[in-house]
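The block underneath contains the structure these notes are about, expressed in structure tokens.
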Ligand code: F0G
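Numbering (this note's numbering), first residue to last: 126 to 489.
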């Protein structure tokens, strides 16, 4: 048999000594993690100072988002405990991951989704992986409230990030960044919705620092969509609105840990408009060949804002960026998850007769 690469290993086998698993835990994996860290010289040029900018492309995970890292741990632990049904509330990616890992484990899965607010690719995933799809006529926060009440049901495992095993799995992305760069970056930028991921990265960076695998911790900088920015405005948003549907959340479950991560790391939470998000998504695809979903592009929109002295806020960590810093942006999900959001903003295709001259004319 040919040797397995890190990629097919999955995050539990790669980092099992730092995860809440034992020899007795059945490993339910799809070979998640070990995602590409893609250097962007064009983003680096915008900050200068010899800095290096890398994109952690989580869209390369098996179900197309970072959720797979947490799901492999949560589902493996749930299987060990004898759970037979997984349940979650979701803006789409968690439900896709839960449904896939449930299928892999031979478990049942039910997903509660805000009706009419989920990207089509994610809905398709939930159906095709065999989950019971339940549309709730309310937003994500209301779906999560229902799921919280189901937490004590025997045989059911809640696999939202209120399940700590999820964040344990997600922290492995920080381990991978340090393993690849040789140390923690100076700044880590990522989108914030339910706020679990920023807390998970921070935990991962802290643990690696304690183990002397990293000599420092990054400043954590999170971006919320302007219409769904409870942490930035420091108040619950009862009716959050953004076309970046993955982060359309008004009352994040990990609000406290996210605030602590930002404070302890001397980072920041900022906002980006939908217009900035979609323009950053197009910029990234057209300039680097990386297609990330709208919520993921919030990191890039945020980077572009911070890189511009006229637009960044007073406490922006970019203002005192040391020379030759490493900066990492997490791109949380694949652009193919939500093609409707892109096509709505694309021009119609050019039309030509089926001959060489007609095509050449369009190229001139
Ligand atoms: N980016 C994407 C693509 C997401 O799907 C999510 C969250 C986030 C960013 C924000 O991460 O919640 O840890 O702050 N999606 C959840 C879901 C809410 O149900 O799929 P967070």
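Note that the Cβ used here is the ideal one computed from N, Cα and C, for glycine as well.
Predicted model, so just to flag it, every value in this text is computed and none were measured.
Item	Value
Meets three-Cβ-pair contact criterion under 8 Å: the region 172-181 and the region 442-449	yes
Three-state secondary structure (DSSP) of residue 200	helix
Straight-line Cα distance separating residue 373 from residue 415	23 Å
Rounded Cβ spacing between residue 451 and residue 365 (contact assumed at less than 8 Å)	Not a contact, Cβ separation roughly 33 Å.
Inter-stretch contact (C-beta, 8 Å, three-pair minimum) for the region 344-354 and the region 457-468	no
Rounded separation between residue 163 and residue 179 - CA only	5 Å
According to DSSP, residues forming a beta bridge with residue 313	345 and 453
Validate contact between the region 315-327 and the region 378-389 using beta carbons, cut 8 Å, 3 pairs	yes
Where residue 417 falls, given that 16 or more other Cβ within 10 Å makes a residue buried	buried
Own chain partners of residue 182 with C-beta closer than 7 Å, once the 5 adjacent residues on each side are dropped	160, 161, 163, 415 and 456
Proximity test, residue 458 beta-carbon vs the ligand F0G heavy atom, cut-off 7 Å	yes
Helix, strand or coil at residue 182 [DSSP, three-state]	strand
Boundaries of the beta strand (DSSP E) in which residue 431 is found, first to last residue	Unbroken run through residue 431 is the alpha helix (DSSP H), 419-431; no beta strand (DSSP E).
Exposed unless 16 or more other CB atoms sit within 10 angstroms - verdict on residue 151	exposed
Continuous beta strand (DSSP E) stretch holding residue 233: start and end	233-239
Cβ contact (3+ pairs, closer than 8 Å) linking the region 195-205 and the region 466-482	no
Helix, strand or coil at residue 438 according to DSSP, with G and I counted as helix	coil
With 16 other Cβ atoms within 10 Å as the buried cut-off, status of residue 84	Any answer about residue 84 is impossible in this case: the structure gives the chain only from 126 up to 489.
Alpha helix (DSSP H) segments (min. 4 residues) lying fully within the region 368-401	380-389
Residue 211 vs residue 303 beta-carbon contact at 8 Å	no
Cutoff 6 Å; reference residue 219; Cβ partners in own chain excluding five residues on either side	192 and 213
C-beta contact flag for residue 393 and residue 343 at 8 Å	no
Residue 243 in three-state terms, based on DSSP	coil
Sub-8 Å separation of residue 271 and residue 237 beta-carbons	yes
Closest Cα partner of residue 316 within the set 360, 367 and 223	367
Inter-residue spacing [alpha-carbon to alpha-carbon] between residue 138 and residue 435	46 Å
Beta carbon of residue 208 nearer than 8 Å to that of residue 325	no
Contact set for residue 440: own chain, Cβ-Cβ below 7 Å, skip 5 residues either direction	393
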